[in-house]
Amino acid sequence: MNTLFSSIIFFFVTLETATHALTKDCFLDPNPPAGPYFGGSSSLHSNAYETTCPRAETIVFSGVESAVSVEPRMAASLLRLHFHDCFVNGCDASLLLDDTASFTGEKTAAPNLNSLRGFDVIDGIKAELEMACPGTVSCADILALAARDSVLLLGGPSWSVELGRKDGLGASKTAAENNLPGPNSNVPTLTQKFQNVGLSQRDMVVLSGAHTIGKARCATFSSRFSSTGFGSRVFEDQVFIDSLQQLCASGSNNTHADLDLATPTTFDNQYYINLISGDGLLPSDQALLGPDDTGVVVGLVAAYATDAEAFFEDFKGAMTRMGRLAPPAGSRGEVRSCCRVINS
């Protein structure tokens, strides 16, 4: 690392330290009526199923634990489902709806197509919940719980998940394509995408830390190989870039690389350490230390790189705030019997 960059990191570590103290057959019955969306911090609460489905969280955890024990990468996939759901008209499980002859969902939107995984895990959990307490636990709440449990199972923090969401009656492919941050986004674009849904730049930096687990296809980071493209504008490790280029040399954009090359199946603060070394995988990751930042983002990256506890605490808060993102005012919802289809 060059001396100038080291000085910048040291300065912002000091500054920040001073100010920081988710396939089983779907169950189509029962068919509860649609009602107002249970959204927003005022109507969500952690004990929503205390009397109506007391084993709800245990059932979700068991399903997630089984899936992650077979494939640790599934933890990242389930966490990502919650993120991609909440960023598109709120946390209403619209992401889980399948396309039909008369309905277009969000699964085929560019950020989701051939990318999202774990739908079968959610289906299995929903089937178990429908047997235990039919028509009670929403698919949106399953996504929120599965995200928390996925983080915990790979060594990350746990938090009390606010519950009581309803499942949306529609979806928006257009919103999915417009709202979700892309892998080539710079800091201003990332910040704006988060602010558009009511989250802060700090939330953006801390939620980006979820890339401490999971994988990405060559197609999502190939721009880093260009001497005149993204890679020429940010601090990066050329040895790392060369290794990625060799991995992707077959020309198959379906080849995957770990988002965190050091501890790919552990939820920790290594993501930020990687960024400082120039080893962030996605262009949008390494962009956090790029020239488009005014210094605040660099300071947060440096702080989280040196203080895992601070990252964990801020991550819990950011996940809670993201989980409160509600559908547009006046939206109606239901508790789906099958997460893939609206109740008929």
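Taken in order, the sequence shown gives residues -21 to -1, 1 to 323; the numbers are from mature numbering (1 follows the signal peptide of the UniProt record, and there is no 0). Virtual Cβ for every residue (Gly too), placed ideally from N, Cα, C.
> With cysteine 146 and alanine 119 assumed to form a contact (beta carbons below 8 Å), what rounded beta-carbon distance in angstroms separates them?
Replying inline: Position 167 of the sequence shown, counted from the start, is the residue given in the question as residue 146. Position 140 of the sequence shown, counted from the start, is the residue given in the question as residue 119. At residue 146 the sequence reads aspartate, which differs from the cysteine that was named. Confirmed, about 6 Å.
> Based on Cα-Cα distance, which residue from Thr191, Ser187, Tyr250, Leu124 lies nearest to alanine 72?
Replying inline: The residue given as residue 72 occupies position 93 in the sequence shown. Closest option to alanine 72, Cα to Cα, is Leu124.
> What are the uninterrupted segments assigned as beta strand (DSSP E) that are 3 or more residues long and contained completely in the segment 218 to 271, given in chain order?
Replying inline: For the segment 218 to 271, whole beta strand (DSSP E) runs of length 3 or above, ordered along the chain, are 235 to 237.
> Given serine 22, which residues of its chain have a CB within under 8 Å of its CB, disregarding the five upstream and five downstream residues?
Replying inline: Stepping through the sequence shown from its first residue, residue 22 is reached at position 43. Correct list, in chain order: Gly143.
> Going by alpha carbons, who is nearest to proline 307 out of Gly149, Leu238, Thr83?
Replying inline: Sequence index remark: in the sequence shown, residue 307 carries index 328 (1-based). Looking at the Cα atoms, Gly149 is the closest of the given residues.
> Do you know offhand how far glycine 42's Cα is from proline 270's?
Replying inline: On the sequence shown, position 63 is the one that residue 42 refers to. On the sequence shown, position 291 is the one that residue 270 refers to. Each residue's Cα considered, the two are about 43 Å apart.
> Using DSSP with H/G/I as helix, E/B as strand and the rest coil, what is leucine 108?
Replying inline: Here the question's residue 108 lines up with position 129 in the sequence shown. Residue state, collapsed to three classes: helix.
>> Measuring straight from C-alpha to C-alpha, what distance separates phenylalanine 173 and arginine 300?
In response: Numbered from 1 along the sequence shown, position 194 holds the residue referred to as residue 173. Numbered from 1 along the sequence shown, position 321 holds the residue referred to as residue 300. If you take the alpha carbons of phenylalanine 173 and arginine 300, they lie about 11 Å apart.
> Per DSSP, phenylalanine 82 is paired with what?
Replying inline: Here residue 82 refers to the residue found at position 103 of the sequence shown. BP columns for phenylalanine 82 point to Thr79.
> cysteine 70: which of Pro90, Arg59, Asp77, Thr79 sits nearest, CA to CA?
Replying inline: For the purposes of this step, residue 70 is identified with residue 91 of the sequence shown, where counting begins at 1. Of the candidates Pro90, Arg59, Asp77, Thr79, the one whose C-alpha sits nearest the C-alpha of cysteine 70 is Arg59.
> Do valine 130 and methionine 53 have their C-beta atoms within less than 9 Å of each other?
Replying inline: Counting from one through the sequence shown, the residue named residue 130 turns up at place 151. Counting from one through the sequence shown, the residue named residue 53 turns up at place 74. In this structure, methionine 53 does not lie closer than 9 Å to valine 130 by Cβ.
>> What does DSSP give as the partner residue(s) for lysine 194 in the beta ladder?
In response: Position 215 of the sequence shown, counted from the start, is the residue given in the question as residue 194. Paired residues: Asp237.
>> For a test of the three-state rule: what should DSSP assign to glutamate 29, helix, strand or coil?
In response: What you label residue 29 is simply residue 50 of the sequence shown in a count that begins at 1. In this structure, glutamate 29 counts as coil in the three-state DSSP scheme.
> Can you check whether the CB of leucine 260 is closer than 9 Å to the CB of leucine 238?
Replying inline: Looking up residue 238 in the sequence shown gives position 259. Looking up residue 260 in the sequence shown gives position 281. Yes; because the gap between Cβ atoms is below 9 Å, this pair is in contact.
>> My output table needs one value for arginine 315: the three-state DSSP class, helix, strand or coil.
In response: Looking up residue 315 in the sequence shown gives position 336. Coil, per DSSP.
>> Can you tell me which residues form a DSSP beta bridge with histidine 63?
In response: As a first step, residue 63 is located in the sequence shown; it is residue number 84 there, counting from the start. Answer by DSSP bridge pairing: none, since histidine 63 is not bridged.
> Since leucine 178 sits in a beta bridge, which residues does DSSP pair it with?
Replying inline: Counted from its first residue, the sequence shown places residue 178 at position 199. In the DSSP output, where bridge partners are listed per residue, leucine 178 has none listed.
> At what residues does the alpha helix (DSSP H) containing residue 330 begin and finish?
Replying inline: The chain is shown only over -21 to 323; residue 330 falls outside these bounds and no answer can be derived.
> Which value, in whole angstroms, describes the spacing of the CA atoms of threonine 242 and asparagine 248?
Replying inline: Here residue 242 is taken as the residue at index 263 of the sequence shown, counted from 1. Here residue 248 is taken as the residue at index 269 of the sequence shown, counted from 1. In a straight line, the C-alpha of threonine 242 is about 10 Å away from that of asparagine 248.
> alpha helix (DSSP H) containing serine 41: first to last residue?
Replying inline: The residue labelled residue 41 in the question sits at position 62 within the sequence shown. Counting along the chain, the alpha helix (DSSP H) containing serine 41 begins and ends at 35 to 49.
> Any idea what DSSP makes of glycine 147, helix, strand or coil?
Replying inline: The residue labelled residue 147 in the question sits at position 168 within the sequence shown. Strand, per DSSP.
> Could you give the distance in angstroms between the alpha-carbon of histidine 63 and the alpha-carbon of cysteine 318?
Replying inline: Your numbering for residue 63 matches position 84 in the sequence shown. Your numbering for residue 318 matches position 339 in the sequence shown. Taking the straight line joining both Cα atoms gives about 15 Å.
> Thinking C-alpha only, which one of Ser139, Ala27, Ala89 is nearest threonine 199?
Replying inline: For the purposes of this step, residue 199 is taken as the residue at position 220 of the sequence shown. Nearest C-alpha to threonine 199: Ala89.
> Within this structure, are the beta carbons of histidine 61 and leucine 122 separated by less than 9 Å?
Replying inline: Taking the first residue of the sequence shown as position 1, residue 61 is located at position 82. Taking the first residue of the sequence shown as position 1, residue 122 is located at position 143. Contact flag set, yes.
> According to the neighbour-count rule (16 or more other Cβ atoms, all chains shown, within 10 Å of its Cβ), is phenylalanine 98 buried or exposed?
Replying inline: Position 119 of the sequence shown holds residue 98. By the neighbour-count rule (16 or more Cβ atoms within 10 Å), phenylalanine 98 is buried.
> Rounded to the nearest angstrom, how far is the Cβ of histidine 235 from that of lysine 295, given a contact under 8 Å?
Replying inline: Within the sequence shown, numbered from 1, the residue matching residue 235 stands at position 256. Within the sequence shown, numbered from 1, the residue matching residue 295 stands at position 316. At roughly 28 Å, the Cβ-Cβ gap does not stay under 8 Å, so histidine 235 and lysine 295 are not in contact.
>> How far does the alpha helix (DSSP H) with glutamine 142 in it extend, from its first residue to its last?
In response: To locate residue 142, count along the sequence shown from 1; it is residue 163. Position check: residue 142 holds leucine in this sequence, whereas glutamine was assumed. Looking at the DSSP string, leucine 142 is not in any alpha helix (DSSP H), and its letter there is neither H nor E.
>> Looking at the secondary structure, which residues open and close the alpha helix (DSSP H) in which threonine 115 lies?
In response: Start at 1 with the first residue of the sequence shown, and residue 115 comes out as number 136. Per DSSP, threonine 115 belongs to no alpha helix (DSSP H) and is neither H nor E.
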